[in-house]
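Each number in the working numbering corresponds to the 1-based position in the sequence shown with 67 added. Just so you know, even glycine gets a beta-carbon here, dropped at the ideal spot from N, CA and C. Quick caveat: nothing in here was measured; it's all calculated off a predicted structure.
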Amino acid sequence: MSSPNDPPNSNTGGWAPNLPLTVPAPLLWPPQPLALLKYLFGFPGLFFPWLAAYAGIALGLWALLQATGSDLAHLSIGWIALLLACNEVIAIGFYGTWHYVLYGGRLQDTQFKYNASWPREQSNLFLFGKPLVSNIFWSLTSGVPIWTAYLVLTLWAQATGVIRVTSWSQAPVYCSLLMFCLVFWHAVHFYMTHRLLHWQRLYDAVHYLHHANVNPNPWTGLAMHPVEHVFYFSGVLLLWLVPATPIHVLYFVTLVALAPAEGHCGFGKVVVAGRHFTTDNYYHYLHHKFFRVNFGDSLLIPVDRWFGTFHDGIRRIKGRQ
Ligand SMILES: [Zn+2]
Ligand SMILES: [Zn+2]
């Protein structure tokens, strides 16, 4: 393990973004409205393309459930199997594409790669001795079923009236605000559960599996112990407490399920057709490098700063900022 005081990438020879990692536009003072709008709605920005894509997937799944006449108030095998199959296909397609572009096909070689080395193909730290196979195995046999289980139970609870539901026609402003806020809720929930998973006993029994990946790549994202999957997807339980629609549920769980592909891709920029897509994942890359810093997943909700666990890429920043 490296020391948090090491200079960035001192032993990996890779690429690093402009350091230190700084406060993002929404947190600048005095406020800079144009920078804020660009951060939120620019391309690439916070919402485009990825959050918009997750919302599109949620709408597609909802349309499919309706078109097939799925009765969500009854836990029947038909729609549950349909949802599970869709999620398996989505996971394979989404993580597989990220993997192919950056690692399988190596379409940009090591350009903008944080660690100049490629992940090892063999390691006894992983199931079957093969990191990639192990990561895919945990993602598809534990990650997708647990993500689907949370979806099924929450959609069922909404359909039966066990939890409160609202609708876009009833409360359009509330529904829009809730959609907007869910990504920030995920950031806070991820910090809390992730910190808990670094409690030594839980780390040794559960979270070690994810951290076997010290040179992360897209399939690392959902490679977790089943207990960690239960923690990780539990953020959707917020929607058991506040009124929501099925679209909120499908969007939130899809976001939580797919965002780790980008978060672990290991590249600071992705080049597609000559265009650079900047990704915001150096933050979590530092967590995989130093282990006990940057438990959150973004700079936007500065929970790490509040709790003195923020690493700016050069040094750990202790205390409140
Ligand atoms: Zn990770
Ligand atoms: Zn961790």
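Best match in the options for proximity to residue i [C-alpha to C-alpha]
i      : options                        : result
Leu264 : Tyr299, Met246, Phe247         : Tyr299
Ala152 : Arg187, Tyr106, Leu207, Ala183 : Leu207
Phe357 : Asn282, Trp286, Val303         : Asn282
His355 : Ala311, His278, His296, Asp371 : His278
Leu420 : His351, Pro97, Pro310          : Coverage of the chain is limited to positions 68 through 388, which leaves residue 420 absent and any answer about it impossible.
Asn392 : Pro116, His351, Leu104         : As displayed, the chain neither begins before 68 nor continues past 388, which places residue 392 out of reach and without an answer.
Ser190 : Asn280, Arg383, Val303, Ser301 : Asn280
His256 : Lys385, Arg231, Asp371, Ala102 : Asp371
Val229 : Ala130, Trp146, Leu306, Gln99  : Leu306
Pro330 : Phe193, Ala254, Asn154         : Note that residue 330 is Gly in the sequence shown here, rather than Pro. Answer by Cα proximity: Ala254.
Pro239 : Ile314, Ala134, Trp96, Trp266  : Ile314
Leu276 : Ser209, Lys336, Met246         : Ser209
Pro186 : His166, Thr233, Phe204         : His166
Trp286 : Ala226, Trp205, Arg268, Pro91  : Trp205
Trp235 : Thr312, Gly109, Ile157         : Thr312
Val90  : Gln99, Trp223, Ala83           : Gln99
Gly171 : Cys332, Gly81, Glu155          : Cys332
Thr215 : Trp146, Val338, Ala272         : Trp146
Pro111 : His378, Leu94, Val337, Asp138  : Val337
Leu128 : Met291, Asn154, Leu118         : Asn154
Pro250 : Leu192, Leu101, Ser137, Trp117 : The sequence as given places Val at residue 250; Pro does not occur at that position. That would be Trp117, whose Cα lies nearest to the Cα of Val250.
Leu269 : Pro293, Leu308, Trp223         : Pro293
Anticipated Cβ contact below 8 Å, residue i with residue j, distance rounded
i      : j      : result
Val219 : Leu150 : 6 Å
Leu169 : Phe334 : 6 Å
Val303 : Tyr241 : So it is not a contact: roughly 18 Å between Cβ atoms.
Gly380 : Leu88  : 5 Å
Leu113 : Leu104 : Contact doesn't hold; Cβ gap of about 11 Å is too wide.
Leu94  : Pro369 : 7 Å
Val297 : Ile213 : 6 Å
Distance cut-off 7 Å: residue i Cβ against heavy atoms of ligand 4
i      : result
His141 : Ligand 4 is absent from the structure shown, which contains only ligand 1 and ligand 2.
State whether the stretch 158-174 contacts the stretch 323-341, with contact taken as three or more CB pairs (one from each stretch) at a distance under 8 Å. Cβ pair count under 8 Å is three or more, so yes.
*Between the stretch 345-354 and the stretch 134-145, are three or more C-beta pairs nearer than 8 Å?*
no
Of all the beta strand (DSSP E) runs that stay within the bounds of the stretch 213-296, which reach a length of 3 or more residues? none
Item checked: Three-pair Cβ contact test at 8 Å for the stretch 166-179 versus the stretch 249-266 -> no
Kindly confirm or deny that the stretch 302-318 and the stretch 113-126 touch, where touching means at least three C-beta pairs closer than 8 Å. yes
Self-check item: Closer than 7 Å: residues whose CB approaches a heavy atom of ligand 2
Solution: His261, Leu264, His265, His274, His277, His278, His354, Phe358, Phe362
(Q) Between the stretch 188-203 and the stretch 348-365, can you find at least three pairs of beta-carbon atoms closer than 8 Å? (A) no
Continuous beta strand (DSSP E) assignments of at least 3 residues falling wholly in the stretch 319-360: 336-339, 342-345
- Query: Can you list the alpha helix (DSSP H) stretches of 4 or more residues lying completely in the stretch 108-168, in chain order?
  - Reply: 119-134, 144-166
- Message: List, from N- to C-terminal side, the alpha helix (DSSP H) runs of 4 residues or more that fit wholly inside the stretch 174-214.
- Response: 198-205
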